[in-house]
Amino acid sequence: MADKGLPVPEGYAPKDEDSLPAYLAGAPAVAARLGGAQADWRVREVGDGNLNLVFIVDGPAGGVAVKQALPYVRLVGESWPLPLSRAHFEQMALATQAKHAPGLVPEVLHYDETLALIVMELLQPHIIMRQGMIKAIRYPGFVEAITDFMARTLFHTSDLALPADEKKAAIAAFCGNTALCKITEDLIFTEPYMIAENNRWTTPQLDGIAHEFREDGALKVAVSRLKLKFLSEAQALLHGDLHTGSVMVTESDTRVIDPEFAFYGPMGFDIGAVIANLLINYFSQDGHAKPGDPREDYQTWVLEAVEGCWNEFRRKFLALWRDRAAGDAYPHILFTAGAGPEALRAEQEVYMDRLFADSIGFAAAKMIRRILGLAHNIDLEWIEDPGARALCETRCLRLARDLMVNTENYRSIEAVTAAARKARDAY
Ligand code: SR1
Ligand code: MG
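Residue numbers (our numbering): -15 to 411.
Structural data, given as structure tokens:
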């Protein structure tokens, strides 16, 4: 038993910089990656996320990253218990993602279920994409990589690719990740629309809009429809937290990390997360621009990335559906002869339109939660002047509300980026 958070299994204890080397010395794949002897290894705790401990360990031959779950939410403290089992779901998700999207996730070198601890290859010289975007660094390979990741992981874990028995077994394997899903259900789909202890926003500047959103019946219905989808549509294995803080990049390499929120849910939730976080960055750039450091060209790049993310995802997903459909949905036998192929092509358009609408709705929910809810994005948080920050946030909130309530008005991703430009001019 630990003295903090939830009860933990016999043998669990959080590692620290002193105790980690001896432990890693007992993991052959890790010791080989580090090289030399235990005494040569340098350990730093670098976790700045909301939930876990993260260590970087350097040895004479190379480095590793170590992620260990705590029995509580690190951002809040021991008062918010959280099960260690999230590490179990994370390593299962990493294995599935590595199978379907090889080269786009970190290699897992070692996993310890009792310690809820995963050792991965150290991604070097990668940085968290969000931090690069705040400095207006472009990532020319991002759209290609993230759309590969989403198209492959979502398609190959869906009923379009899997026989029903395999799909149901996979749902069962992930359905215990309920505590992490509950965080999403509360923090994204519920609390930003009510008075809640966790909420915070730039005050007093956003007090009015926060109140307006709490009184907005149409918005509450729209977000509740999205919540119902999140609760009930087990379409595919989601990453579950696919924001730009879950992506590590160089200018030529992209890796998706941190799938501890993984579960079978609606595909649009992952796609929307990517779109939302790019749009948040787009609006934040006005708060980072300075004389001599204009950000308009970068904003153009960000909106092109938004468009690329949907358009390339759609093209790749449809190509997989054409070439690799082996699942029980849309049985081949019904669509091979006569009017079948044409009917299937028409249905694929309908399917993608529905997925687009879901993605835009989920994107909107994620934009709102990062401004009015508990966990904010440094894209906006690092704008020091509260007035400038509030202006960027207001534009983002106004767009998000329209995307969520009037989703049917947005028939293409270009309509979304045009509305983002308009929101920037209007407020
Ligand atoms: C209490 S956890 C808050 C947020 O951090 C994670 O990155 C997820 O986005 C979660 O909603
Ligand atoms: Mg994370």
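The beta carbon of each residue, even a glycine, is placed where N, CA and C say it ideally should be. None of these values were measured; they are calculated from a predicted model.
> Within this structure, are the beta carbons of arginine 198 and isoleucine 179 separated by less than 8 Å?
Replying inline: For this step, residue 198 is matched to residue 214 along the sequence shown. For this step, residue 179 is matched to residue 195 along the sequence shown. Yes; because the gap between Cβ atoms is below 8 Å, this pair is in contact.
>> Whole angstroms are fine: how far does the CA of aspartate 409 sit from the CA of aspartate -13?
In response: Position 3 of the sequence shown holds residue -13. Position 425 of the sequence shown holds residue 409. In this prediction, aspartate -13 has a pLDDT of 46, which is less than 50 and means its spatial position is unreliable; nothing more can be read from the coordinates.
> Since valine 127 contacts glycine 292 with CB under 8 Å, what's their CB separation in whole angstroms?
Replying inline: Position 143 of the sequence shown holds residue 127. Position 308 of the sequence shown holds residue 292. With 8 Å as the limit, valine 127 and glycine 292 qualify as a contact, their Cβ atoms being about 4 Å apart.
> Does the beta-carbon of lysine 350 have 16 or more other beta-carbons within 10 angstroms, so that it is buried, or is it exposed?
Replying inline: As a position in the sequence shown, residue 350 is number 366, starting the count at 1. Buried, since its Cβ has 16 or more Cβ neighbours within 10 Å.
> If we count Cβ pairs, one from each stretch, closer than 8 Å, do we get three or more for the segment 89 to 108 versus the segment 272 to 279?
Replying inline: no
> Are alanine 49 and asparagine 36 closer than 8 Å when you measure CB to CB?
Replying inline: Position 65 of the sequence shown, counting from 1, holds the residue named residue 49. Position 52 of the sequence shown, counting from 1, holds the residue named residue 36. No; because the gap between Cβ atoms is not below 8 Å, this pair is not in contact.
>> Which residue marks the beginning of the beta strand (DSSP E) containing valine 103, and which one marks its end?
In response: Start at 1 with the first residue of the sequence shown, and residue 103 comes out as number 119. Its beta strand (DSSP E) spans residues 101 to 105.
> Any idea if lysine 51 is buried or exposed, counting beta-carbon neighbours within 10 angstroms, 16 or more meaning buried?
Replying inline: Counted from its first residue, the sequence shown places residue 51 at position 67. Buried, by the Cβ-count rule.
> Taking the C-alpha atoms as reference points, what is the distance between valine 231 and valine 240?
Replying inline: For this step, residue 231 is matched to residue 247 along the sequence shown. For this step, residue 240 is matched to residue 256 along the sequence shown. Taking the straight line from one Cα to the other gives about 5 Å.
> What are the residues that DSSP puts in a beta bridge with isoleucine 193?
Replying inline: As a working mapping, residue 193 is identified with position 209 in the sequence shown. Answer is none; isoleucine 193 lacks a bridge partner.
> Cα-Cα, which of Gln81, Lys119, Glu175 and Leu287 is closest to alanine 246?
Replying inline: Here residue 246 refers to the residue found at position 262 when the sequence shown is read from its first residue. Per the Cα distances, Gln81.
>> Helix, strand or coil, according to DSSP, for aspartate 225 in the structure here?
In response: In the sequence shown, residue 225 corresponds to position 241, counting from 1. Coil.
>> I need the straight-line Cα distance from proline 250 to aspartate 363, nearest angstrom please.
In response: Along the sequence shown, read from residue 1 onward, the residue named residue 250 stands at position 266. Along the sequence shown, read from residue 1 onward, the residue named residue 363 stands at position 379. Each residue's alpha carbon lies about 26 Å from the other.
> Three-state secondary structure (DSSP) at glycine 249?
Replying inline: Sequence index remark: in the sequence shown, residue 249 carries index 265 (1-based). Strand at glycine 249.
> Considering isoleucine 352, what are the terminal residues of the alpha helix (DSSP H) in which it resides?
Replying inline: Translated into positions along the sequence shown, residue 352 becomes position 368. Note, isoleucine 352: alpha helix (DSSP H), 324 to 356.
> Just how far apart, CA to CA, sit lysine 213 and cysteine 159?
Replying inline: Within the sequence shown, numbered from 1, the residue matching residue 213 stands at position 229. Within the sequence shown, numbered from 1, the residue matching residue 159 stands at position 175. The alpha-carbon atoms of lysine 213 and cysteine 159 are separated by roughly 15 Å.
>> What does DSSP give as the partner residue(s) for aspartate 369 in the beta ladder?
In response: Residue numbering aside, residue 369 sits at position 385 when the sequence shown is read from its first letter. For aspartate 369, which the question treats as bridged, DSSP gives no partner whatsoever.
> Candidates Gly61, Arg382, Met388 and Lys152: which alpha carbon is nearest alanine 220's?
Replying inline: The residue labelled residue 220 in the question sits at position 236 within the sequence shown. Checking every option, the nearest Cα to that of alanine 220 belongs to Lys152.
>> By the three-class DSSP mapping on this structure, what secondary structure does proline -7 have?
In response: On the sequence shown, position 9 is the one that residue -7 refers to. Coil, per DSSP.
> Between leucine 263 and valine 290, is the Cβ-Cβ spacing less than 8 Å?
Replying inline: Counted from its first residue, the sequence shown places residue 263 at position 279. Counted from its first residue, the sequence shown places residue 290 at position 306. In contact: leucine 263 and valine 290 (Cβ atoms closer than 8 Å).
>> In the DSSP output, what is lysine 274 paired with across the bridge?
In response: Taking the first residue of the sequence shown as 1, we reach residue 274 at position 290. For lysine 274, which the question treats as bridged, DSSP gives the partners Asp277.
>> Could you check whether the segment 121 to 138 touches the segment 293 to 311, counting it as contact only if at least three pairs of C-beta atoms, one from each stretch, sit closer than 8 Å?
In response: yes
>> Among the candidates Gly224, Ala85, Val57 and Leu190, whose CA atom is the shortest distance from the CA of arginine 382?
In response: By 1-based counting over the sequence shown, the position of residue 382 is 398. Per the Cα distances, Leu190.
>> Short of 6 Å in beta carbon distance, which residues of its chain neighbour arginine 70, apart from the five on each side in sequence? Order them along the chain.
In response: Residue numbering aside, residue 70 sits at position 86 when the sequence shown is read from its first letter. So the list reads Ala53, Leu164 and Glu244, once near-sequence residues are dropped.
> What residues in its chain sit with their C-beta under 6 Å from that of methionine 113, if we drop five residues either side in the sequence?
Replying inline: Indexing the sequence shown from 1 puts residue 113 at position 129. Once the five neighbours on either side are set aside, the close Cβ partners of methionine 113 are Thr228, Val231 and Val233.
>> Within a Cβ cutoff of 6 Å, which residues of the same chain sit near glycine 419, ignoring the five residues on either side of it in sequence?
In response: Shown here, the chain extends from -15 to 411; a query on residue 419 therefore has no answer.
> Who's in the neighbourhood of the ligand MG, going by beta-carbon under 6 Å from any heavy atom, listed in chain order?
Replying inline: Gly33, Asp225, Ser230 and Asp242
>> Is it buried or exposed, isoleucine 259, if we count other Cβ atoms within 10 angstroms and call 16 or more buried?
In response: Translated into positions along the sequence shown, residue 259 becomes position 275. Buried, by the Cβ-count rule.
> Going straight from the alpha carbon of glutamate 217 to that of tyrosine 248, what length do you get?
Replying inline: In the sequence shown, counting from the first residue as 1, residue 217 sits at position 233. In the sequence shown, counting from the first residue as 1, residue 248 sits at position 264. Approximately 8 Å between the Cα atoms of the pair.
> Who are the Cβ neighbours of isoleucine 352 in its own chain at under 6 Å, not counting the five residues just before and after it?
Replying inline: Walking along the sequence shown from the start, residue 352 turns up at place 368. So the list reads Pro176 and Ala384, once near-sequence residues are dropped.
> Mind checking valine 205: buried by the 16 CB within 10 Å criterion, or exposed?
Replying inline: Mapped onto the sequence shown, residue 205 falls at position 221. Classification of valine 205: exposed, given that the 10 Å Cβ count is below 16.
>> Bridge partners for valine 60 per DSSP, in chain order?
In response: Mapped onto the sequence shown, residue 60 falls at position 76. BP columns for valine 60 are empty, so no partner.
>> Can you tell me whether leucine 66 is buried or exposed? The criterion is at least 16 other CB atoms within 10 Å of its CB, across all chains shown.
In response: As a working note, residue 66 is residue 82 in the sequence shown. The residue is buried, with at least 16 neighbouring Cβ atoms inside 10 Å.
> To which residues of the same chain is asparagine 361 closer than 6 Å at the C-beta, ignoring the five residues directly before and after it?
Replying inline: Within the sequence shown, the letter at position 377 stands for residue 361. Closer than 6 Å at Cβ, skipping near neighbours: Ile264 and Arg354.
>> For aspartate 369 and glycine 116, I'd like the C-alpha separation in whole angstroms.
In response: Here residue 369 is taken as the residue at index 385 of the sequence shown, counted from 1. Here residue 116 is taken as the residue at index 132 of the sequence shown, counted from 1. Approximately 21 Å, taken between the alpha carbons.
> Just checking my contact of isoleucine 130 with asparagine 295 at CB under 8 Å: how many whole Å lie between their CB atoms?
Replying inline: Numbered from 1 along the sequence shown, position 146 holds the residue referred to as residue 130. Numbered from 1 along the sequence shown, position 311 holds the residue referred to as residue 295. Going by Cβ atoms, the distance from isoleucine 130 to asparagine 295 rounds to 12 Å, so no, they are not a contact pair.
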